[in-house]
Ligand SMILES: *Cc1c(COP(=O)(O)O)cnc(C)c1O
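In structure tokens:
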């Protein structure tokens, strides 16, 4: 019998439905009280002083670069092995994305390559916590300190993950950007968040995310419906709605449980797929991953053929990621070429992500494992 197991599915229950209905009935749909509550709850959960909600992680990354003053002539170092949004936002600021290779075990940014690419124009490093596994922040922060660079963390995969020191990702004081896109560890449909400890930057981010005006509608409403605001700069329109924030509050309550469920699934795969010619995901000791992805590397079987064979059996898979230096835009615009980052290229050729989300039951997992084994044949 063929089962139908999509690659990803958001975990939505009656609680989110009730929360959205409540907002719909309240008459306040755009950014207001629910967003303030969501920001407070998120900052408290992460252990950061501030949290600023946005309409996506892409917006969060863009605003973070902007608020740090990154622009024309500046260079930002980031891994080539990430989603295109990470690099696109650097381009949107007028700066140059400088790619570096990844570590072959964790698929995270290789700190040694970072140091090699630093120039007088380097202003910041964007670290991506791939698949939910925190990158080696001790090394990165040391490099940043030595060269006076800012660090932005792309934690799109890593809500609820923990560094070696036991703190949650987002609690190191850097600007850390989270995604609440539908497939991410927690979702609001579309949405994002920036956590940070710098109150001055937090205020600036709030202004930048909503037109550059001094007071949002909710603040004006609280101040007896005062219509007055000042335009401080030409800001952007990157705020979330209260509909999204209401979903976010419910998802945040479930986040630890959802991460534990995904961890259990990863353990199931680890146990049942260990007799095949594949490389299982490596998780460093001491850290806690959010297990957003379960990427395996096929040692002897063609990756694209594997994807087709899985699809025939009703199982969705995906590839994270095509290295950005191989994409048309980044090749043309910044003269990157094949061969520039051999580790990322090697990993990309063989990598495929299996389904991993809370609703997957033992029956689903048995089926996925059976399909993988049928295709790859145990040793
Ligand atoms: C999903 C993702 C983003 C973008 O998130 P959005 O909320 O969709 O803007 C950025 N970086 C990485 C690594 C991602 O996976």
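Residue numbers (our numbering): 546 to 924.
Beta carbons are placed, not taken as given, at the ideal position from N, Cα and C, and that holds for glycine.
For the beta strand (DSSP E) holding residue 893, just list the boundary residues, first then last.
-> Looking at the DSSP string, residue 893 is not in any beta strand (DSSP E); the run it does join, the alpha helix (DSSP H), is 887 to 895.
Top-ranked residue by Cα proximity to residue 555, from 688, 868, 795 | The candidate whose alpha carbon is nearest that of residue 555 is 795.
For residue 602, does the three-state DSSP call read helix, strand or coil?
-> The DSSP-derived three-state label of residue 602 is helix.
Please report how far the alpha carbon of residue 773 lies from the alpha carbon of residue 598, in whole angstroms.
-> In this structure, the alpha-carbon of residue 773 lies about 23 Å from that of residue 598.
What do you reckon, are the CB atoms on residue 615 and residue 638 nearer than 8 Å?
-> It is a contact, given that the beta carbons lie within the stated cut-off.
Nearest to residue 626 (by Cα), restricted to the options 880, 867, 697 = Closest by alpha carbon: 867.
Hey, out of 694, 647, 593, 855, whose CA is closest to residue 667's CA?
-> Closest option to residue 667, judged by alpha-carbon separation, among 694, 647, 593, 855: 694.
When 635, 573, 856 are compared against residue 609, the one with the closest alpha-carbon | When only C-alpha atoms are compared, the closest one is 635.
May I ask which residues mark the beginning and end of the alpha helix (DSSP H) holding residue 585?
-> Per DSSP, residue 585 belongs to the alpha helix (DSSP H) from 578 to 591.
Which runs of the alpha helix (DSSP H) fall wholly inside the segment 674 to 728 and span at least 4 residues, in chain order?
-> The qualifying runs are 682 to 692.
Given residue 890, which residues of its chain have a CB within under 8 Å of its CB, disregarding the five upstream and five downstream residues?
-> Result list for residue 890: 868, 871, 883, 884, in chain order.
Grab me the residues of residue 659's own chain with a C-beta within less than 8 Å of its C-beta, minus the 5 sequence neighbours each way, in chain order.
-> Within the same chain, residue 659 has close Cβ partners 622, 645, 670, 685, 688.
Flag residue 702 as yes when its Cβ comes closer than 7 Å to any non-hydrogen atom of ligand 1, and as no otherwise.
-> Yes, since a heavy atom of ligand 1 falls inside the 7 Å radius drawn around the Cβ of residue 702.
Just checking my contact of residue 592 with residue 716 at CB under 8 Å: how many whole Å lie between their CB atoms?
-> Under the criterion of beta carbons closer than 8 Å, residue 592 and residue 716 qualify as touching, at roughly 4 Å.
In three-state terms, what does DSSP make of residue 612?
-> The answer is helix: DSSP assigns residue 612 an H, G or I state.
Contact check, residue 916 vs residue 858, beta carbons under 8 Å | Taking 8 Å as the Cβ cut-off, residue 916 and residue 858 qualify as a contacting pair.
Could you give the DSSP three-state label for residue 842: helix, strand or coil?
-> Three-state DSSP puts residue 842 in a strand.
Presumed contact (8 Å Cβ cut-off) between residue 924 and residue 651, rounded CB distance | In this structure, residue 924 and residue 651 do not form a Cβ contact; the two beta carbons are roughly 25 Å apart against a cut-off of 8 Å.
Is residue 783 near ligand 2, going by C-beta to nearest heavy atom under 7 Å?
-> Among the ligands in the structure shown, ligand 2 does not appear; only ligand 1 can be found there.
Between the CA atoms of residue 922 and residue 605 - distance to the nearest angstrom = So the alpha carbons of these two residues sit roughly 44 Å apart.
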